[in-house]
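Those letters in the sequence shown? Residues 276 to 421, per the numbering used here, in order.
Note that the Cβ used here is the ideal one computed from N, Cα and C, for glycine as well.
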Amino acid sequence: MPADSEAAGARYSYRPLGVRMVGLVAGLGLLAVCVGAWIAIGPDVRERFSFLQRATLVAIGVGIAVLVHALIRSRVRIRGDRVTVVNGYRRRDLDRAQVVALRMRRGAPWAEMDLADGTTIPVMAIQGSDGSRAVDAVRAVRRLLD
Numbered sequence: 276m277p278a279d280s281e282a283a284g285a286r287y288s289y290r291p292l293g294v295r296m297v298g299l300v301a302g303l304g305l306l307a308v309c310v311g312a313w314i315a316i317g318p319d320v321r322e323r324f325s326f327l328q329r330a331t332l333v334a335i336g337v338g339i340a341v342l343v344h345a346l347i348r349s350r351v352r353i354r355g356d357r358v359t360v361v362n363g364y365r366r367r368d369l370d371r372a373q374v375v376a377l378r379m380r381r382g383a384p385w386a387e388m389d390l391a392d393g394t395t396i397p398v399m400a401i402q403g404s405d406g407s408r409a410v411d412a413v414r415a416v417r418r419l420l421d
């Protein structure tokens with residue numbers, strides 16, 4: 276167990292690698308396909324699109340970007356006696372004392388954090404698809420929480 280001065284100065288941050296890479300590559304790929312298709316259809320077809328149709332296409336693109344951004348911004352951060360868990364657009368700031376355990380069940384999509392009040396919150400930053408990197412992250416977070 277770390278000394279009090281060690282725990283108070285502990286700093287750790289983890290973000291998923293696989294989800295970020297897939298989100299960025301897929302997002303950029305989709306953007307490239309859409310721009311390429313828009314250019315390829317030619318000016319005569321583009322002129323037939325009304326303002327509302329164009330706005331709908333842009334809104335769909337923005338919606339997809341918002342969803343991808345929610346996935347890739349997940350993280351867990353430990354700074355001193357504070358633990359921050361970001362899942363999508365929800366952020367939970369916790370005292371270290373509130374966290375009872377962190378576990379990653381075999382085959383689970385992400386880790387779970389047990390809290391002192393009996394509730395459990397997902398830690399989507401630690402993705403099972405990251406393999407050994409996720410296992411190392413669970414061990415590092417546990418070490419800092421003990």
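Which value, in whole angstroms, describes the spacing of the CA atoms of residue i and residue j?
{"i": "ALA315", "j": "GLY338", "result": "24 Å"}
{"i": "VAL413", "j": "VAL398", "result": "10 Å"}
{"i": "LEU346", "j": "VAL320", "result": "35 Å"}
{"i": "LEU303", "j": "CYS309", "result": "10 Å"}
{"i": "ARG336", "j": "ARG418", "result": "The sequence shown places Gly at residue 336, rather than the Arg named in the question. Distance between the alpha carbons of GLY336 and ARG418: 41 Å."}
Mark residue i as exposed unless 16 or more other C-beta atoms lie within 10 angstroms of its C-beta, in which case mark it buried.
{"i": "GLN402", "result": "buried"}
{"i": "ASP405", "result": "buried"}
{"i": "SER288", "result": "exposed"}
{"i": "SER407", "result": "exposed"}
{"i": "PRO291", "result": "buried"}
Starting from the C-beta of residue i, find all residues in its chain whose C-beta is less than 6 Å away, skip the five residues before and the five after it, and write them out in chain order.
{"i": "PRO277", "result": "Below a pLDDT of 50, predicted positions are generally treated as unreliable, and PRO277, at 45, falls in that range; the measurement from the model is reported next regardless. So no residue of the chain qualifies."}
Hey, would you say residue i sits closer than 8 Å to residue j, going by beta carbons?
{"i": "GLY370", "j": "ASP356", "result": "The sequence shown places Asp at residue 370, not Gly. It is a contact, given that the beta carbons lie within the stated cut-off."}
{"i": "ARG350", "j": "VAL341", "result": "no"}
{"i": "LEU377", "j": "VAL416", "result": "yes"}
Open item on the list: Quick check for students: name the residue ranges of the beta strand (DSSP E) that lie wholly in the segment 373 to 412, counting only runs of 3 or more.
Closed with: 374 to 378, 385 to 390 and 395 to 402
Open item on the list: Just to confirm the assignment: which complete beta strand (DSSP E) runs, minimum length 3, are found wholly within the segment 329 to 357?
Closed with: 350 to 354
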